[in-house]
Structure formats: structure tokens, C-alpha cells
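Below: one structure, written as C-alpha cells.
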Amino acid sequence: MSRTAVLGVGNPLSERDSVGIAVAERVAEVTGWELVLSNTTGLEVVDILLPFDRAVVIDTVIGLEMGEVVIVSEPAAKAQRFSHSLGLLESLKVGKAVYGEEFPDVVVVGVGVRGHQMTLDVNKIAKKIIAIVEGYRER
1 MSRTAVLGVG NPLSERDSVG IAVAERVAEV TGWELVLSNT TGLEVVDILL
51 PFDRAVVIDT VIGLEMGEVV IVSEPAAKAQ RFSHSLGLLE SLKVGKAVYG
101 EEFPDVVVVG VGVRGHQMTL DVNKIAKKII AIVEGYRER
């Protein structure tokens, strides 16, 4: 049986930086995927994801409109700025290079937090993410 992780990245003590965690918790609740939380995007992420077959990583992206949801690819990442730096994509690239087929398929989802007011509807954002990665469950 395959295992799918929802990795929420962020700092639970920071309103803006905890968005990835809050949304990941809701996505895991709705989908039944395994919830994993991290406050780092370094190489520790490789170890966190290695036991899984698939993963959806959710993090805050600075520069997107409040509540905007995007699948982040390497070219797109150059135009965006994660609140946790681009170390996330670099770490995932290292994991894939080192572990090859043993490393899970990973989709990175960014959630925008531009602006001063944190009026995000976590349920609405989770639904957007689930719709975007719906076919991902079937792979």
C-alpha cells in the first residue's frame, strides 16, 4: 500500500508563517493522507519524506496574493520567494539525485500571504489544493 504525506512547512508561532501548517492539517484531515510538519526546509526534509511514496509539500510564498495557491516548479520558484527560502526546492532536488527512484514523487504547493491582514479561509485554501492535486492520489 502506498503512503502519501502532506508536509506542512512553517512556524506555528508566527501567524503568517503558520499558514502552510494550518492548510496541511486540513488537507490531511480531508484526504486521509499522513500529516507531517516541519519548521525547516533544509536537507532534513529529505529524511522526513523518504519513507513515503508521494508527498504534497505546502509552504507560504511571499509575493503571491493573499490565499492564492500555485504548484511551484523550479522555473516558477525563481519568480517567487518562499518564506523559508528556496532551500526547499534545492533540498528536494538533492533528495531525488541521491535516492533516485526511492525518493517520493513530490508536489510543492505555495500559498500566498501578501498584505498586512491575515484573513485566510483555511478550508477554502485546502479545497483549492485538493482540487489541484486530486489526480495525484491516483498515481
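Number 4 in full-length UniProt numbering belongs to position 4 of the sequence shown; there are no gaps in the numbering.
By construction, the Cβ of each residue, glycine as well, lies at the ideal position given by its N, Cα and C atoms.
C-alpha of GLU25 to C-alpha of ILE129: approximately 12 Å in a straight line. VAL133 places its beta carbon less than 9 Å from that of VAL56. Going by beta carbons, VAL19 and SER91 fall outside the 9 Å limit. By DSSP's assignment, GLY8 forms a beta bridge with LEU37, ILE58. Looking at the DSSP output, GLY112 sits in a beta bridge with VAL61.
Burial state of GLY63 is exposed, judged by a 10 Å Cβ sphere holding fewer than 16 other Cβ atoms.
Around the CB of ILE48, 16 or more other CB atoms lie within 10 Å, so the residue is classed as buried. Beta-bridge partners assigned by DSSP to ILE71: VAL109. Straight-line spacing of the CA atoms in LEU35 and VAL6 works out to 5 Å. About 10 Å separates the beta carbons of VAL111 and VAL72, which is beyond the 8 Å limit, so they are not a contact pair. Taking every protein chain shown into account, the CB of PRO104 has 16 or more other CB atoms within 10 angstroms, so this residue is buried.
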